[in-house]
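Below is one structure, written out as structure tokens, with a few remarks after it.
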Amino acid sequence: MTGTMPHVPYIEAVTAALTAAGLEPGEVDVRDSETRGVYPYLDAVITLDPSGSHDLPDEEIPAGTPWRHGLLLLWEWHTGAEEGGPEEGPIWQFAELKADGASEYPTDLPVYGYAAPAAVVDAARKVIDRRITPDPFSAFGAARWNGGLIGGTWERTEELDAACKAWGAEEVSE
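Each residue of the sequence shown is one higher than the one before, starting from 233 at the first, in this note's numbering.
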């Protein structure tokens, strides 16, 4: 991860916490993106391989293996500029990776948008163990989980929030 995007240090801290917890990411993609080519947002995609079968051909993965092709942890920060789109600020989500590289519809991860890295690790473990699952009756990415928000916020939240807002103000004004 390199660059001057404001969320790089945060995603590096989360990645380090995942690695220290034995959930070393296979890939980490930190970038800025656009919705409909107009509305800028920041995002990061962290790929985990909890089953150890991500790179195996389908026929070599034993039946019933959970997370056959991997688990994505997704972080996004939106400017709030998109009419009818997400409000300004961050959100964490997760999605199961499919064999073709696509993913299931993202589900909200029950952590703060600027969650402490340890909270992201705790939530990821609960997803891996299927204690947090997508709610099949929700079309909006809701999770089945009754334990409330997991963990606290990152100790550098104010700094990160200010940097993201400054980035967003600059991007929206262009």
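Backbone N, C-alpha and C fix where the C-beta goes; we use that ideal spot for every residue, glycine too. Keep in mind the model is a prediction, meaning the values are calculated, not measured.
Distance, Cα to Cα, I323 vs G312? 12 Å
Just to confirm the assignment: which complete alpha helix (DSSP H) runs, minimum length 4, are found wholly within the stretch 323-404? 349-360
In the DSSP assignment, what are the bridge partners of I278? V260, L305
Burial state of V270 (16 or more Cβ within 10 Å): exposed
What is the DSSP secondary structure of T297, reduced to helix, strand or coil? coil
Let me check one thing: in DSSP terms, what residues is Y271 bridge-paired to? T267
Local Cβ density within 10 Å of T297, reported as buried at 16 or more and exposed below that: exposed
What residues match up with H310 in a beta bridge as DSSP calls it? Y273, G321
Quick check on this structure: which residue in W386, E403, L305 has the alpha carbon closest to the alpha carbon of R357? L305
Relative to the C-alpha of A374, which residue among T385, E390, E336, S285 is closest? E336
CB W386 to CB L392, shorter than 8 Å? yes
So, using beta-carbon positions, are W309 and P342 closer together than 8 Å? no
Can you check which of these residues, Y273, L303, I278, is closest to I243 by C-alpha distance? I278
By Cβ distance below 7 Å, which residues in the same chain neighbour R430 in space, the five residues on each side in sequence not counted? The displayed coordinates of the chain run from 233 to 406. Any statement about residue 430 would go beyond what the structure contains.
Exposed or buried, which one is G379 when buried takes at least 16 other CB atoms within 10 Å? exposed
Going by the beta-carbon positions, is the gap between P349 and V246 smaller than 8 Å? yes
For P272, the nearest candidate out of A331, P241, V359, P318 (CA to CA): P318
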